[in-house]
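Undergrad: Okay, here's the structure, questions in a sec.
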Amino acid sequence: MTQPIRVTNLSKAFGDQVVLDGIDLHVDHGEILYVVGPSGTGKSVLSRCVLGLMAPDGGQIELDGRPIPEFGAPEWLSVRRRVAMVVQFPALLEERSVVENIALAARYGRGLRAVQADRMALDLMERLQIRHLAFTDPGDLGPGLAKAVALARALAVGASTLVLDEPTTGLDPIQAKVVDEAIVEVVRSAGLACLVISHDLEGMQKVADRALMLYQGKVHVAGTPASLASEPDPVWQQFLRGEAEGPL
1 MTQPIRVTNL
11 SKAFGDQVVL
21 DGIDLHVDHG
31 EILYVVGPSG
41 TGKSVLSRCV
51 LGLMAPDGGQ
61 IELDGRPIPE
71 FGAPEWLSVR
81 RRVAMVVQFP
91 ALLEERSVVE
101 NIALAARYGR
111 GLRAVQADRM
121 ALDLMERLQI
131 RHLAFTDPGD
141 LGPGLAKAVA
151 LARALAVGAS
161 TLVLDEPTTG
171 LDPIQAKVVD
181 EAIVEVVRSA
191 GLACLVISHD
201 LEGMQKVADR
211 ALMLYQGKVH
221 VAGTPASLAS
231 EPDPVWQQFL
241 RGEAEGPL
């Protein structure tokens, strides 16, 4: 089966600063891959390259088995509709209510009628425990709840691949748990591929099928959460424990 995301020998630099250096990764259907690492290690740059929002300097990115440079404009639009992203600071339509933001995604992404789209939007909000925000103005939301709304909007589009940048940052522990559980449920039930960029190591241990750490532009360690829990690498152990002293 074709892998939804495959990255091979990816590189990216800004001037003399090498941000990504020979990155290899893949995400299968029904799988959640976490990419973690200290700030400034290229995690968000990686996600932007995967989405075709930033051109890498070298290597190859394949979505559904096709290298990104092969996509012409019409085909690329079709592929982008199958890949949904929740960014760290999501932009919502402030002239629309929360439920309208989500329903519009369902209408244009899935081609649903207005009544069907509204029903789907409310169902997604119920799943994420944010239905009480249905008629709230997006401008009145805090960063964490805005991100939960953006996740509902991404799910409403009907994408087959999710790229989530810090999906639980800014959420209280209860809401973060709800979002994590919703991600797992949707990925498993719909067979989605999910790439998560995050600092949330607790979420990684609970949610991820596999994880990798970026450090100095490279994949420093990789494995399942269980295997990484006993990974002796000193850089990883310092990051895992959140210690101030060490090689980082």
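Going by the numbering used here, the sequence shown opens with residue 1, and the numbers climb by one from there.
Note that the Cβ used here is the ideal one computed from N, Cα and C, for glycine as well.
1) Between the region 203 to 217 and the region 153 to 162, do at least 3 Cβ pairs fall closer than 8 Å?
2) Would you kindly report the start and end of the unbroken beta strand (DSSP E) that includes Arg6?
3) On the criterion of 16 or more Cβ atoms from any shown chain inside 10 Å, does Leu214 qualify as buried, or is it exposed?
4) State the CB to CB distance for the pair Leu162 and Leu192, rounded to an integer number of angstroms; the pair is presumed to be in contact (CB under 8 Å).
5) Please state the DSSP three-state secondary structure of Met54.
6) According to DSSP, what are the bridge partners of Cys49?
7) How should Ala244 be labelled, buried or exposed, when 16 other C-beta atoms within 10 angstroms of its C-beta is the threshold for buried?
8) Can you tell me the Cα-Cα spacing of Ala152 and Gly42, whole angstroms?
9) Is the CB-CB distance between Val149 and Pro167 below 8 Å?
10) Could you please give the first and the last residue of the uninterrupted alpha helix (DSSP H) stretch that includes Arg241?
11) Based on the DSSP output, what are the partners of Pro67 in its beta bridges?
12) Is the beta carbon of Asp165 sitting closer than 8 Å to the one on Ser39?
TA: The relevant details are as follows:
1) Contact fails: fewer than three Cβ-Cβ distances are below 8 Å.
2) 5 to 14
3) buried
4) 6 Å
5) In the three-state reduction of the DSSP assignment, Met54 falls in the coil class, being assigned neither a helical nor a strand state.
6) The partner list for Cys49 (beta bridge, DSSP) is empty, contrary to what the question assumes.
7) Result: exposed.
8) 26 Å
9) no
10) From DSSP, the alpha helix (DSSP H) with Arg241 extends over 234 to 241.
11) Glu62
12) no
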